[in-house]
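Asker: In this note's numbering, the protein residues as written are 67 to 319.
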Amino acid sequence: MMKLTYLGQMCYLIECGDLKIVTDPYLSDSVDSKDSHRNYPPPTTLCELLPDIIVISHPHGDHLDKKSLEPFYRLRRRAFTLVPAPSAGIIRSIGGDAVEMRAPAPAQFGKPFSLAGVSIYPLPCAHTELHIDPNGDFRELSYLIEYNGTKLFFGGDMSIYPGLVEALAEITPDVMILPVNGRDWFRTSRNIIGNLDSNEAAELSVVCGAKLFIPGHHDLYSKNGCPNDWIEYSARKFGAPLKLLAPGESVEL
(Lines of atoms letter the chains of each structure in order from A and count residues from 1; the text may use other names and numbers.)
(Lines give C-alpha, C1' and ligand atoms only; values in the text may rest on other atoms or scores of the structure.)
Protein backbone atom coordinates (compact mmCIF):
# COMPACT_ATOMS: atom_id res chain seq x y z
CA MET A 1 0.00 0.00 0.00
CA MET A 2 1.11 3.56 -0.75
CA LYS A 3 0.24 6.57 1.38
CA LEU A 4 0.49 10.05 -0.10
CA THR A 5 0.66 13.31 1.89
CA TYR A 6 0.55 16.77 0.29
CA LEU A 7 3.14 19.22 1.62
CA GLY A 8 2.73 22.19 -0.75
CA GLN A 9 3.69 23.12 -4.32
CA MET A 10 4.94 19.82 -5.86
CA CYS A 11 6.21 18.40 -2.57
CA TYR A 12 4.63 15.11 -1.51
CA LEU A 13 5.54 12.45 1.00
CA ILE A 14 5.02 9.03 -0.57
CA GLU A 15 5.19 6.14 1.88
CA CYS A 16 5.73 2.71 0.35
CA GLY A 17 5.60 0.37 3.29
CA ASP A 18 8.47 1.51 5.52
CA LEU A 19 10.20 3.41 2.71
CA LYS A 20 9.72 7.18 2.57
CA ILE A 21 10.01 9.20 -0.65
CA VAL A 22 9.76 12.99 -0.80
CA THR A 23 9.28 14.74 -4.14
CA ASP A 24 10.57 18.24 -4.93
CA PRO A 25 10.98 19.28 -1.28
CA TYR A 26 10.20 22.98 -1.04
CA LEU A 27 9.80 23.41 2.71
CA SER A 28 11.06 26.96 3.16
CA ASP A 29 10.27 30.47 1.95
CA SER A 30 13.34 30.83 -0.25
CA VAL A 31 11.50 31.92 -3.40
CA ASP A 32 9.32 34.48 -1.65
CA SER A 33 9.64 38.01 -3.02
CA LYS A 34 8.45 41.45 -1.94
CA ASP A 35 5.14 40.98 -3.77
CA SER A 36 4.72 37.19 -3.52
CA HIS A 37 4.65 35.20 -0.29
CA ARG A 38 3.70 31.68 0.73
CA ASN A 39 0.02 31.31 1.54
CA TYR A 40 0.82 28.96 4.43
CA PRO A 41 3.97 27.98 6.34
CA PRO A 42 5.90 24.81 5.57
CA PRO A 43 4.04 21.97 7.31
CA THR A 44 7.23 20.07 8.17
CA THR A 45 10.94 19.71 7.37
CA LEU A 46 13.06 17.01 5.81
CA CYS A 47 14.77 16.59 9.19
CA GLU A 48 11.38 15.63 10.63
CA LEU A 49 10.35 13.46 7.68
CA LEU A 50 13.68 11.57 7.36
CA PRO A 51 13.11 10.32 3.80
CA ASP A 52 15.01 7.41 2.30
CA ILE A 53 14.69 8.83 -1.22
CA ILE A 54 14.35 12.41 -2.43
CA VAL A 55 13.13 12.89 -6.00
CA ILE A 56 13.99 16.14 -7.79
CA SER A 57 12.34 17.02 -11.10
CA HIS A 58 14.39 20.08 -12.07
CA PRO A 59 16.60 22.81 -10.58
CA HIS A 60 14.13 25.67 -10.06
CA GLY A 61 14.24 26.97 -6.50
CA ASP A 62 10.77 25.76 -5.51
CA HIS A 63 11.71 22.20 -6.53
CA LEU A 64 15.43 21.94 -5.79
CA ASP A 65 15.58 24.10 -2.68
CA LYS A 66 18.95 24.28 -0.96
CA LYS A 67 17.38 25.82 2.15
CA SER A 68 15.20 22.71 2.56
CA LEU A 69 17.89 20.19 1.63
CA GLU A 70 21.06 21.38 3.39
CA PRO A 71 19.92 20.87 7.02
CA PHE A 72 18.86 17.32 6.16
CA TYR A 73 22.13 16.53 4.42
CA ARG A 74 24.02 17.76 7.48
CA LEU A 75 22.44 14.93 9.47
CA ARG A 76 24.62 12.56 7.42
CA ARG A 77 21.72 10.14 7.27
CA ARG A 78 21.80 7.69 4.37
CA ALA A 79 19.41 8.91 1.70
CA PHE A 80 19.44 8.90 -2.09
CA THR A 81 18.60 12.04 -4.06
CA LEU A 82 17.37 11.23 -7.56
CA VAL A 83 18.03 14.20 -9.80
CA PRO A 84 18.34 14.96 -13.53
CA ALA A 85 21.99 14.36 -14.41
CA PRO A 86 22.71 18.03 -15.29
CA SER A 87 21.79 19.08 -11.72
CA ALA A 88 23.66 16.35 -9.84
CA GLY A 89 26.54 18.70 -9.11
CA ILE A 90 24.22 21.05 -7.21
CA ILE A 91 23.18 18.22 -4.90
CA ARG A 92 26.75 17.09 -4.31
CA SER A 93 27.88 20.66 -3.61
CA ILE A 94 25.53 20.83 -0.61
CA GLY A 95 26.40 17.38 0.73
CA GLY A 96 23.78 15.15 -0.87
CA ASP A 97 24.19 11.66 -2.32
CA ALA A 98 23.13 12.36 -5.91
CA VAL A 99 21.84 9.61 -8.18
CA GLU A 100 22.04 10.86 -11.77
CA MET A 101 18.82 10.07 -13.62
CA ARG A 102 18.68 9.95 -17.40
CA ALA A 103 16.15 9.13 -20.10
CA PRO A 104 17.13 8.10 -23.65
CA ALA A 105 14.74 10.19 -25.73
CA PRO A 106 11.48 12.17 -25.53
CA ALA A 107 8.52 10.05 -24.40
CA GLN A 108 10.83 7.16 -23.46
CA PHE A 109 11.47 5.98 -19.91
CA GLY A 110 15.02 5.59 -18.66
CA LYS A 111 16.56 2.91 -16.46
CA PRO A 112 14.98 2.70 -13.02
CA PHE A 113 16.42 3.29 -9.58
CA SER A 114 15.23 0.48 -7.31
CA LEU A 115 15.24 0.13 -3.54
CA ALA A 116 13.21 -2.02 -1.11
CA GLY A 117 10.63 -3.06 -3.69
CA VAL A 118 10.22 0.43 -5.16
CA SER A 119 11.25 1.22 -8.74
CA ILE A 120 11.47 4.81 -10.01
CA TYR A 121 11.69 5.46 -13.76
CA PRO A 122 12.67 8.84 -15.27
CA LEU A 123 10.82 10.34 -18.23
CA PRO A 124 11.80 13.48 -20.17
CA CYS A 125 9.73 16.44 -19.08
CA ALA A 126 8.93 19.62 -21.01
CA HIS A 127 8.84 22.66 -18.74
CA THR A 128 7.01 24.37 -21.60
CA GLU A 129 9.79 23.00 -23.82
CA LEU A 130 12.23 20.09 -23.63
CA HIS A 131 15.68 21.28 -22.54
CA ILE A 132 18.81 19.22 -23.20
CA ASP A 133 22.31 19.97 -21.89
CA PRO A 134 25.51 19.73 -23.99
CA ASN A 135 25.96 16.10 -22.91
CA GLY A 136 22.55 15.16 -24.31
CA ASP A 137 20.86 14.83 -20.91
CA PHE A 138 17.39 16.21 -20.20
CA ARG A 139 17.35 19.04 -17.66
CA GLU A 140 13.82 18.28 -16.45
CA LEU A 141 12.32 14.89 -15.64
CA SER A 142 9.02 13.40 -14.59
CA TYR A 143 9.01 10.07 -12.73
CA LEU A 144 6.99 6.86 -12.61
CA ILE A 145 7.05 5.29 -9.15
CA GLU A 146 6.03 1.62 -8.90
CA TYR A 147 5.40 -0.24 -5.68
CA ASN A 148 3.46 -3.42 -4.96
CA GLY A 149 1.53 -3.21 -8.22
CA THR A 150 0.62 0.48 -7.90
CA LYS A 151 1.93 2.94 -10.51
CA LEU A 152 2.19 6.60 -9.56
CA PHE A 153 3.19 9.25 -12.09
CA PHE A 154 4.80 12.39 -10.66
CA GLY A 155 4.85 15.09 -13.30
CA GLY A 156 7.02 17.73 -11.66
CA ASP A 157 6.71 20.92 -13.71
CA MET A 158 5.46 19.79 -17.10
CA SER A 159 3.70 20.51 -20.35
CA ILE A 160 2.53 18.09 -23.04
CA TYR A 161 4.83 17.39 -25.98
CA PRO A 162 4.54 15.02 -28.98
CA GLY A 163 4.46 11.38 -27.91
CA LEU A 164 3.98 12.02 -24.20
CA VAL A 165 0.26 11.27 -24.03
CA GLU A 166 0.72 7.98 -25.88
CA ALA A 167 3.62 6.95 -23.64
CA LEU A 168 1.64 7.63 -20.48
CA ALA A 169 -1.56 6.04 -21.78
CA GLU A 170 0.38 2.88 -22.58
CA ILE A 171 1.51 2.40 -18.98
CA THR A 172 -1.88 3.48 -17.49
CA PRO A 173 -0.75 5.04 -14.19
CA ASP A 174 -3.06 4.40 -11.25
CA VAL A 175 -2.32 7.84 -9.81
CA MET A 176 -1.21 11.02 -11.56
CA ILE A 177 0.22 14.01 -9.68
CA LEU A 178 0.08 16.88 -12.14
CA PRO A 179 0.70 20.64 -11.96
CA VAL A 180 -2.31 22.80 -12.80
CA ASN A 181 -1.09 26.40 -12.52
CA GLY A 182 -1.02 26.90 -16.29
CA ARG A 183 0.96 29.47 -18.24
CA ASP A 184 0.37 32.80 -19.95
CA TRP A 185 2.19 35.64 -21.67
CA PHE A 186 2.39 37.83 -18.57
CA ARG A 187 3.95 35.19 -16.34
CA THR A 188 6.33 34.10 -19.09
CA SER A 189 7.43 37.73 -19.53
CA ARG A 190 8.36 37.72 -15.82
CA ASN A 191 10.37 34.51 -16.28
CA ILE A 192 7.69 32.42 -14.54
CA ILE A 193 7.76 29.30 -16.67
CA GLY A 194 4.37 27.62 -16.88
CA ASN A 195 2.85 24.17 -16.80
CA LEU A 196 -0.30 22.27 -17.64
CA ASP A 197 -3.47 24.15 -16.83
CA SER A 198 -6.31 22.51 -14.93
CA ASN A 199 -8.16 21.50 -18.11
CA GLU A 200 -5.09 19.87 -19.65
CA ALA A 201 -4.23 18.03 -16.44
CA ALA A 202 -7.77 16.75 -15.93
CA GLU A 203 -8.10 15.55 -19.51
CA LEU A 204 -4.65 13.95 -19.44
CA SER A 205 -5.60 11.91 -16.37
CA VAL A 206 -8.74 10.67 -18.14
CA VAL A 207 -6.99 9.84 -21.42
CA CYS A 208 -4.35 7.89 -19.49
CA GLY A 209 -6.94 5.90 -17.54
CA ALA A 210 -5.81 7.08 -14.11
CA LYS A 211 -7.87 6.08 -11.10
CA LEU A 212 -6.83 9.19 -9.20
CA PHE A 213 -5.87 12.69 -10.34
CA ILE A 214 -4.05 14.75 -7.72
CA PRO A 215 -3.31 18.39 -8.60
CA GLY A 216 -0.25 20.33 -7.48
CA HIS A 217 1.40 23.72 -7.93
CA HIS A 218 -1.94 25.39 -7.26
CA ASP A 219 -2.27 26.86 -3.77
CA LEU A 220 1.08 28.00 -2.38
CA TYR A 221 1.58 31.23 -4.35
CA SER A 222 -1.54 33.09 -5.43
CA LYS A 223 0.11 34.81 -8.39
CA ASN A 224 1.24 31.47 -9.84
CA GLY A 225 -1.50 29.08 -8.79
CA CYS A 226 -4.99 27.89 -9.67
CA PRO A 227 -8.14 28.29 -7.54
CA ASN A 228 -9.70 25.10 -6.23
CA ASP A 229 -13.01 25.82 -7.94
CA TRP A 230 -11.26 26.00 -11.32
CA ILE A 231 -9.68 22.60 -10.66
CA GLU A 232 -13.02 21.14 -9.58
CA TYR A 233 -14.73 22.58 -12.67
CA SER A 234 -12.10 21.02 -14.94
CA ALA A 235 -12.48 17.66 -13.22
CA ARG A 236 -16.26 17.74 -13.71
CA LYS A 237 -15.86 18.86 -17.33
CA PHE A 238 -13.70 15.86 -18.26
CA GLY A 239 -14.92 13.35 -15.68
CA ALA A 240 -11.51 13.22 -14.01
CA PRO A 241 -11.09 11.22 -10.78
CA LEU A 242 -10.04 14.24 -8.72
CA LYS A 243 -8.64 14.12 -5.20
CA LEU A 244 -7.86 17.64 -4.04
CA LEU A 245 -5.65 17.52 -0.95
CA ALA A 246 -5.25 20.26 1.63
CA PRO A 247 -1.72 20.89 2.96
CA GLY A 248 -0.86 18.08 5.36
CA GLU A 249 -3.75 15.90 4.18
CA SER A 250 -3.11 12.26 3.24
CA VAL A 251 -4.70 9.64 1.05
CA GLU A 252 -4.06 5.90 0.95
CA LEU A 253 -3.60 4.46 -2.51
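We put the CB at the ideal spot given by N, CA and C, even for glycine. Note that this is a predicted model, so its numbers are computed, not measured.
1. Could you tell me whether the Cβ atoms of Ser96 and Gly127 are closer together than 8 Å?
2. Thinking Val149 and Glu166 are a contact (beta carbons under 8 Å), I'd like their distance in whole angstroms, please.
3. Could you give the residue range of the alpha helix (DSSP H) that holds Leu135?
4. Grouping DSSP H, G and I as helix and E and B as strand, with all else coil, what is Ser159?
5. In terms of residue numbering, what span does the beta strand (DSSP E) encompassing Leu244 cover?
6. Taking a contact to mean a Cβ-Cβ separation below 8 Å, would you say Ile119 touches Ala154 in this structure?
7. Among Ser94, Pro172, Gly161 and Leu286, which one has its Cα closest to the Cα of His193?
8. Out of Asn201, Ser300, Ile259 and Leu189, state which residue places its alpha-carbon closest to the alpha-carbon of Leu207.
9. Check this for me: beta carbons of Asp203 and Pro137, under 8 Å apart or not?
10. Would you say Gly314 touches the ligand GDP, meaning its beta carbon is less than 7 Å from a heavy atom?
11. Does the count of Cβ pairs from the region 308-318 and the region 69-82 closer than 8 Å reach three?
Answerer: Let me spell this out:
1. The residue given as residue 96 occupies position 30 in the sequence shown. The residue given as residue 127 occupies position 61 in the sequence shown. Taking 8 Å as the Cβ cut-off, Ser96 and Gly127 qualify as a contacting pair.
2. Looking up residue 149 in the sequence shown gives position 83. Looking up residue 166 in the sequence shown gives position 100. Val149 to Glu166, Cβ: 7 Å. Contact.
3. Along the sequence shown, one-based indexing puts residue 135 at 69. Element bounds for Leu135: Lys132 to Tyr139.
4. As a first step, residue 159 must be located in the sequence shown, where it is residue number 93. DSSP places Ser159 in helix when its eight states are reduced to three.
5. Residue mapping note: residue 244 aligns to position 178 of the sequence shown, counting from 1. Val241 to Pro245 is the span of the beta strand (DSSP E), which, as asked, contains Leu244.
6. In the sequence shown, counting from the first residue as 1, residue 119 sits at position 53. In the sequence shown, counting from the first residue as 1, residue 154 sits at position 88. No, Cβ-Cβ distance for Ile119 and Ala154 is not below 8 Å.
7. By one-based count along the sequence shown, residue 193 stands at place 127. The option with the nearest alpha carbon to His193 is Pro172.
8. For the purposes of this step, residue 207 is taken as the residue at position 141 of the sequence shown. Of the candidates Asn201, Ser300, Ile259 and Leu189, the one whose C-alpha sits nearest the C-alpha of Leu207 is Leu189.
9. The count along the sequence shown starts at 1 and reaches residue 203 at position 137. The count along the sequence shown starts at 1 and reaches residue 137 at position 71. Not in contact: Asp203 and Pro137 (Cβ atoms no closer than 8 Å).
10. Annotation note on the ligand GDP: not contained in the displayed structure, which lists no ligands.
11. Yes, the region 308-318 is in contact with the region 69-82.
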